[in-house]
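Throughout the sequence shown, residue numbering follows numbering that gives the first Met the number 0, covering 0 to 225 in sequence. Cβ atoms here follow ideal geometry from the backbone N, Cα and C, with glycine treated the same way. Quantities reported herein were computed from a predicted structural model and do not represent experimental measurements. Structure, as structure tokens:
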Amino acid sequence: MSIADNIKSLKKETDEIKVKLLAVSKTKPAEDLQQAYDAGQRLFGENTVQEMVEKQEQLPKDIEWHLIGHLQSNKVKYIAPFVSMIQSVDSIKLLKKINKHAEKNKRVIDCLLQIYIADEESKFGLGFDEVIELLRSEEFADLKNIRIRGMMGIATNTDSEKQIKDEYYELKTFFDGMKVSFFRKEESFDTLSMGMSSDYKVAIEQGSNLVRLGSTIFGGRVKKTV
Ligand SMILES: *Cc1c(COP(=O)(O)O)cnc(C)c1O
Numbered sequence: 000m001s002i003a004d005n006i007k008s009l010k011k012e013t014d015e016i017k018v019k020l021l022a023v024s025k026t027k028p029a030e031d032l033q034q035a036y037d038a039g040q041r042l043f044g045e046n047t048v049q050e051m052v053e054k055q056e057q058l059p060k061d062i063e064w065h066l067i068g069h070l071q072s073n074k075v076k077y078i079a080p081f082v083s084m085i086q087s088v089d090s091i092k093l094l095k096k097i098n099k100h101a102e103k104n105k106r107v108i109d110c111l112l113q114i115y116i117a118d119e120e121s122k123f124g125l126g127f128d129e130v131i132e133l134l135r136s137e138e139f140a141d142l143k144n145i146r147i148r149g150m151m152g153i154a155t156n157t158d159s160e161k162q163i164k165d166e167y168y169e170l171k172t173f174f175d176g177m178k179v180s181f182f183r184k185e186e187s188f189d190t191l192s193m194g195m196s197s198d199y200k201v202a203i204e205q206g207s208n209l210v211r212l213g214s215t216i217f218g219g220r221v222k223k224t225v
């Protein structure tokens, strides 16, 4: 199937159940993104600042760009003028940097806290305790130019559907708890980003409302990039 066909069928599948579809376009050329755009896709995810900036310059300006890869503090400035959401926030230090550059650009930048749920040391993210510590801190309370929209998690890369299901269930439960404890009055705390090509159906069953799909839309990638 073509990129356009993939987008159309996935959009239909996710729109019906009010799940947002993020097209993860890392390593793919701008032409591929344009095809997805022409089929109606507007949310695109990249995992490096450099690729996002290059593609943002070439592609239509109404695309909403989501950063999903590890972000170094010193690179925030390059995406702060246009990025729609940073899904990979994993420290208060990074959050402060995002806030600073959002302020410079007279913006409020939407962020997700990336939560460590996998059984793999290589993955980034905050532990449950660290999230609570961050949300309680005075440093966090001072940040006016970021808005925490929710959480993002990457499950273990495993064939065990049970393990993936358990990890997503835990994250959904934690998300609900944090919403009650810290974001009761904020309706904008509404996004739970879980699920990639291999496991998005399980993720949706467990309560995801934003799935991040790469290879299902654009085909396989040559390089391993996660
Ligand atoms: C690459 C990537 C995806 C998409 O992976 P696919 O398996 O191609 O769907 C989703 N989330 C993150 C954080 C990624 O880095």
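What first and last residue would you give for the beta strand (DSSP E) that runs through residue i?
i: Leu151; result: Here residue 151 turns out to be Met, not Leu, going by the sequence shown. From DSSP, the beta strand (DSSP E) with Met151 extends over Ile145 to Gly152.
i: Thr190; result: Thr190 to Met193
i: Ala22; result: Lys19 to Val23
Does the separation of the CB atoms of residue i and residue j fall below 8 Å?
i: Thr155; j: Asp118; result: yes
i: Lys25; j: Glu50; result: yes
i: Met195; j: Gly152; result: no
i: Val130; j: Ile67; result: no
i: Ala38; j: Ile6; result: yes
i: Ile145; j: Asn73; result: no
i: Phe173; j: Ile114; result: yes
i: Gly260; j: Asp89; result: Because the chain here runs from 0 to 225, residue 260 falls outside it and cannot be looked at.
Which one or two residues does DSSP pair with residue i in a beta bridge?
i: Val88; result: Leu112
i: Glu166; result: Glu166 pairs with nothing; no bridge assigned.
i: Glu102; result: The partner list for Glu102 (beta bridge, DSSP) is empty, contrary to what the question assumes.
i: His69; result: For His69, which the question treats as bridged, DSSP gives no partner whatsoever.
i: Val210; result: Leu20
i: Gly44; result: Val23 and His65
By the DSSP assignment, the alpha helix (DSSP H) with residue i in it spans what residues?
i: Ala29; result: Ala29 to Asp37
i: Val52; result: Val48 to Gln57
i: Arg135; result: Phe127 to Arg135
i: Val75; result: Val75 to Ile78
i: Leu9; result: Ile2 to Asp14
i: Val201; result: Tyr199 to Glu204
i: Phe217; result: Ser214 to Phe217
Name the residue from the options whose alpha carbon lies nearest to the alpha carbon of residue i.
i: Arg148; options: Arg183, Glu56, Glu30 and Ala29; result: Arg183
i: Ala3; options: Lys19, Leu32 and Pro28; result: Leu32
i: Lys160; options: Lys54, Leu111 and Lys200; result: As written in the sequence, residue 160 is Glu, which differs from the Lys given in the question. The candidate whose alpha carbon is nearest that of Glu160 is Lys200.
i: Lys10; options: Leu209, Ala101 and Gly219; result: Leu209
i: Glu128; options: Leu142, Leu112 and Ala140; result: The amino acid at residue 128 is misidentified as Glu; the sequence shows Asp. Ranking the options by Cα distance to Asp128, first place goes to Leu112.
i: Gln57; options: Tyr36, Ser72, His69 and Asn73; result: Tyr36
i: Gly21; options: Phe217, Val221 and Leu212; result: Correcting the residue type first, residue 21 is Leu in the shown sequence and not Gly. Ranking the options by Cα distance to Leu21, first place goes to Leu212.
By C-beta, the residues closer than 5 Å to any heavy atom of ligand 1, given in chain order: Val23, Asn46, Ile67, Met195, Ser196, Arg211, Leu212, Gly213, Ser214 and Val225
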